[in-house]
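Colleague: Just passing along the structure, written as structure tokens.
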């Protein structure tokens, strides 16, 4: 551990701090050890850490040659993924950065031919070009981005994304795709791949910061008055989703406590006494809990899910990562909940940021499952029993796609069968297994 | 069954309380004093009542307060003349408050501050106080300190108007869908029991209340044994016959037991059979021989319906276990344990995977017993059902009851296990076998788990084991006794810190859930597994499909 992070518990916060002060190789080592020790846990924290690290890697890499950049990112990415193969978001972010670099490289080639045509079109974006790409985009940038979006409707609207003739050329998930800026005549287009990639990563980081809010924007479409919603774990995405709906509508939430791996966080979340742990920096620390919005929250043990399912209108689940086939890897216990919902014909809605969507296909389900601390299941006070029995504490469940009715990502709602398409939009074929 | 009997030390202590109060019973009218001052309109009343509770010594160490002749006119407000409308309103409020007070005194009599506040409105009450009530409140007054906390202690009652508020708050904490199941508040102490209740029943009540005796057959057997003791010490009063009077005498015991914990289906069936037998006794039979025949009947009932039935079931269920099997079971069923041990004794080699659930963790003792006998045991919690069921070959389940539509009514979570067995990822269904004595069959039907259920105290869901400290409002107001020795051998999640903590700095975020609006905790005991998830019900009358339950039930009850 670097000395600078001694004051903090190791985690995302300490890592970001260390990233500022330490040389890049130390930072890579730090993140690898954090991942290995599972000191950085949540999908989003891992994704954020990876994105920040790659940004530093690229800005430290003094070359304009995209092939070299790709090679460098690939080597760092491989090490990170080897550190924690089950944390699939790490690979996702690496793949997206690789895709960015490839896009830029291709765009540059195209731009050399199309420079004169496009230059005038991207004129309104002048202020953007003065942004220093190495400074991370702030949280206040959504307004900026929405301007950006409205100024270029044909490139960013969902419709045009789907019907885009060459999907490989754009990165649809980041609406403010950086390619037009590169075409601004003031820049030397072919030389500044790096700056644009950095900007692109800035946008990924930005996306990670607001993905929950974007997902929450769909809440009112799915939660209606007097519904009974069942959820599980203390997922912030789900909480924000419910909170958004709570602002307008009255409904009831049944919360399974996900004992023993996440029950403390769940209790804290529903009672509103959540301590802002290191991994959830800033944003949701001061979030009011659902109960303060007048929403009745019923806490139940996991075992009571089946008993209550007959009264539930909708099951809303968070997830750890989503796989290309529409299945998902989520907190243990999710599968029985989804199955119970299926049996009762209750719709199951999974909310997840697109960054959790992984191109991995689950050929071997068991390899995706991580096992945790068995003392949470059987504490060591029961010494005699610990010796005699075999205790299992899986942390994740694989939930097959047929148990999920709907995915809601920051891009909108999708059927599980459609996810492969989003995967191919986000990751380039050559990066899927790098 | 192995967990039953053996009085808790605390039971003994409470016993002592009980007798003590019965003997001294200082003021029959003690609870009359507590309600409120008679002459102020409700809002003022709230204020003055609380004032009273603050200024007056609630927890007086002198046992005999001259409550009866305490002048109500000490309160200035009494002098003020009231309009008839006001009087009516006040009387109404009084009545409501009193009713709640009585109820709370009954259920939580000895929890502490139901102690009457002397000097207020003694004459506002009619002098006819139910004796039951007097007992409860008297013991509350006398008890120098609160009894040891147990699961399910009710909130402390303070004064009438506060009670109304509390009552409202309590209603908030009731999950609306299960509203029909909250009906009766559970008793938390022996205080307030009628004098007809036999001491064996009092002890049993305590054991049922805190799950020392848990499990459908164990509860049934324990009840029958306690009834035997009741019958042994019973003498028919003059002018009645045993057949007529014993039933009423038993019904006191039954009422008491049902306030401790709602009766199980098996208890109900056994009681019905017993009553039927009593009714059939010839009134001319001498009392001694009638009692002997009753005791013999009880003995043979236990033997026939449970002990031998269990052996028969274990015998035929063990035949279903084969070498190399992986048996999944849920929570701790005595009959499943017996089956697995028998199969092990028969030299079969198999693995057992126990799935357990919060908050009772009944599977732990099953795991311990099986592992000690040398079985290969795997233990996991509900969240790992999918993993446990993955390589299972059979599921054995115990039952609390079988409903007439073939549903399996059992510990909450059973349905999840049965469902997982039937809907496996591989598409291969594995057999779900239920071991159940016919005494647990009922003619009730249940479409889902909401129709029939039992709601346990939600405080059991808190990660800590000191429920009482959570409802004590002011630490100075009531002495919080040290937590009871944990008899259930770590039935709870490990307390994150030493349990003797003042309630306000307890670490659990839910510690204050009683006062958090909109937050509800639901702790149901059972769920109903649909008949399609059950392949076979092994009973002492043979192995049946779940659809045969109503037929067998009819055969058994008509015999």
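Protein chains in written order, with my numbering: chain A, 2 to 435; chain B, 1048 to 1606.
For glycine and all other residues, C-beta sits at the position ideal for the given N, C-alpha and C.
Just so we're clear, the structure is a prediction, and the values are computed from it rather than from any experiment.
Per DSSP, which residues does residue 1397 (chain B) bridge with? Please list them.
Modeller: B:1372
Colleague: Can you look up residue 332 (chain A) in the DSSP assignment and give me helix, strand or coil?
Modeller: strand
Colleague: At a CB distance below 7 angstroms, what residues from the region 302 to 333 of chain A approach chain B? Give them in sequence order.
Modeller: 302, 303, 304, 305, 306, 307, 308, 311, 312, 333
Colleague: Check the DSSP bridge columns for residue 1425 (chain B) and list the partner residues they point to.
Modeller: A:391, B:1400
Colleague: Please confirm if the region 421 to 434 of chain A is in contact with the region 1455 to 1469 of chain B, defined as three or more CB-CB distances below 8 angstroms between the two stretches.
Modeller: Segments in contact, no.
Colleague: State the DSSP-derived secondary structure class of residue 1441 (chain B), mapped to helix, strand or coil.
Modeller: strand
Colleague: Measure from the C-beta of residue 1565 (chain B) to each C-beta in chain A and report whether the shortest distance is under 8 angstroms.
Modeller: Closer than 8 angstroms: yes.
Colleague: Let's see if you can read the secondary structure: which residues bound the beta strand (DSSP E) around residue 1319 (chain B)?
Modeller: It is not in any beta strand (DSSP E) - residue 1319 (chain B) instead sits in the alpha helix (DSSP H) that spans 1312 to 1326.
Colleague: Only counting runs of 3 or more residues, tell me where the beta strand (DSSP E) segments fall wholly within the region 22 to 84 of chain A, in order along the chain.
Modeller: none
Colleague: Pull up the distance between the alpha-carbon of residue 336 (chain A) and that of residue 388 (chain A), whole angstroms please.
Modeller: Residue 336 (chain A) and residue 388 (chain A): Cα-Cα distance of roughly 30 angstroms.
Colleague: Between the region 1227 to 1235 of chain B and the region 1296 to 1315 of chain B, are three or more C-beta pairs nearer than 8 angstroms?
Modeller: yes
Colleague: Around the C-beta of residue 32 (chain A), are 16 or more other C-beta atoms found within 10 angstroms, so that it is buried, or is it exposed?
Modeller: With 16 or more Cβ atoms within 10 Å of its Cβ, residue 32 (chain A) is classed as buried.
Colleague: Give the secondary structure of residue 357 (chain A) by DSSP, where H, G and I count as helix, E and B as strand, and everything else as coil.
Modeller: helix
Colleague: Note down, in chain order, each residue of its chain lying with its Cβ closer than 8 angstroms to the Cβ of residue 390 (chain A), except the 5 sequence neighbours on either side.
Modeller: 379
Colleague: Could you pull the DSSP bridge partners for residue 1448 (chain B) from this structure?
Modeller: B:1456
Colleague: On the criterion of 16 or more Cβ atoms from any shown chain inside 10 Å, does residue 1605 (chain B) qualify as buried, or is it exposed?
Modeller: exposed
Colleague: Give the secondary structure of residue 282 (chain A) by DSSP, where H, G and I count as helix, E and B as strand, and everything else as coil.
Modeller: With a pLDDT of only 44 at residue 282 (chain A), under the threshold of 50, the placement of this residue in the model should not be trusted, and no figure is reported.
Colleague: Report the neighbours of residue 1411 (chain B) on chain A: residues whose CB is nearer than 8 angstroms to its CB, in chain order.
Modeller: In chain order: 379, 383, 386.
Colleague: Chain A partners of residue 1382 (chain B), CB-CB under 9 angstroms?
Modeller: Near residue 1382 (chain B) there are no residues of chain A at all, since even the closest Cβ is about 20 angstroms away, more than 9 angstroms.
Colleague: Taking any Cβ of chain A, which residues in the region 1447 to 1470 of chain B have a Cβ under 7 angstroms from it, in chain order?
Modeller: 1459, 1460, 1462, 1463, 1466, 1467, 1470
Colleague: With which residues is residue 1249 (chain B) paired in a DSSP beta bridge?
Modeller: None, per the DSSP bridge assignment.
Colleague: Pairs of beta-carbons, one from the region 1344 to 1359 of chain B and one from the region 1442 to 1459 of chain B, closer than 8 angstroms: are there three or more?
Modeller: no
Colleague: Report the option in B:1426, B:1249, B:1401, B:1594 whose CA atom is closest to the CA atom of residue 1578 (chain B).
Modeller: It is B:1594 whose Cα lies nearest to the Cα of residue 1578 (chain B).
Colleague: Below 8 angstroms, can you find three or more Cβ-Cβ pairs linking the region 366 to 375 of chain A to the region 1495 to 1507 of chain B?
Modeller: no
Colleague: Going by the DSSP bridge assignment, what does residue 315 (chain A) pair with across the sheet?
Modeller: A:230
Colleague: Just the chain B side, please: which residues come within less than 9 angstroms of residue 224 (chain A) by C-beta, in chain order?
Modeller: Correct list: empty, because the minimum Cβ distance to chain B is about 16 angstroms.
Colleague: Within the 8 angstroms Cβ cut-off, does residue 1375 (chain B) reach chain A?
Modeller: no
Colleague: Taking the runs of the beta strand (DSSP E) that are 3 residues or longer, which of them lie wholly in the region 244 to 275 of chain A?
Modeller: 253 to 257
Colleague: Kindly indicate which residue of B:1365, B:1393, B:1392, B:1374 has the alpha-carbon position closest to the one of residue 1386 (chain B).
Modeller: For residue 1386 (chain B), the nearest C-alpha among the options comes from B:1365.
Colleague: Listing by chain order, which chain A residues have their CB less than 9 angstroms from the CB of residue 1425 (chain B)?
Modeller: 390, 391, 392, 393
Colleague: For the alpha helix (DSSP H) that contains residue 1363 (chain B), what are its first and last residues?
Modeller: 1355 to 1366 is the span of the alpha helix (DSSP H), which, as asked, contains residue 1363 (chain B).
Colleague: Could you have a look at residue 296 (chain A) and say whether DSSP puts it in helix, strand or coil?
Modeller: coil
Colleague: Report the rounded CA-to-CA distance for residue 216 (chain A) versus residue 244 (chain A), giving the unit in angstroms.
Modeller: 12 angstroms
Colleague: If you pair each beta-carbon of the region 1413 to 1427 of chain B with each one of the region 1236 to 1244 of chain B, do three or more pairs fall below 8 angstroms?
Modeller: no
Colleague: Identify whether residue 370 (chain A) lies in helix, strand or coil by the three-state DSSP scheme.
Modeller: coil
Colleague: Can you check which of these residues, A:34, A:48, A:26, A:92, is closest to residue 60 (chain A) by C-alpha distance?
Modeller: A:26
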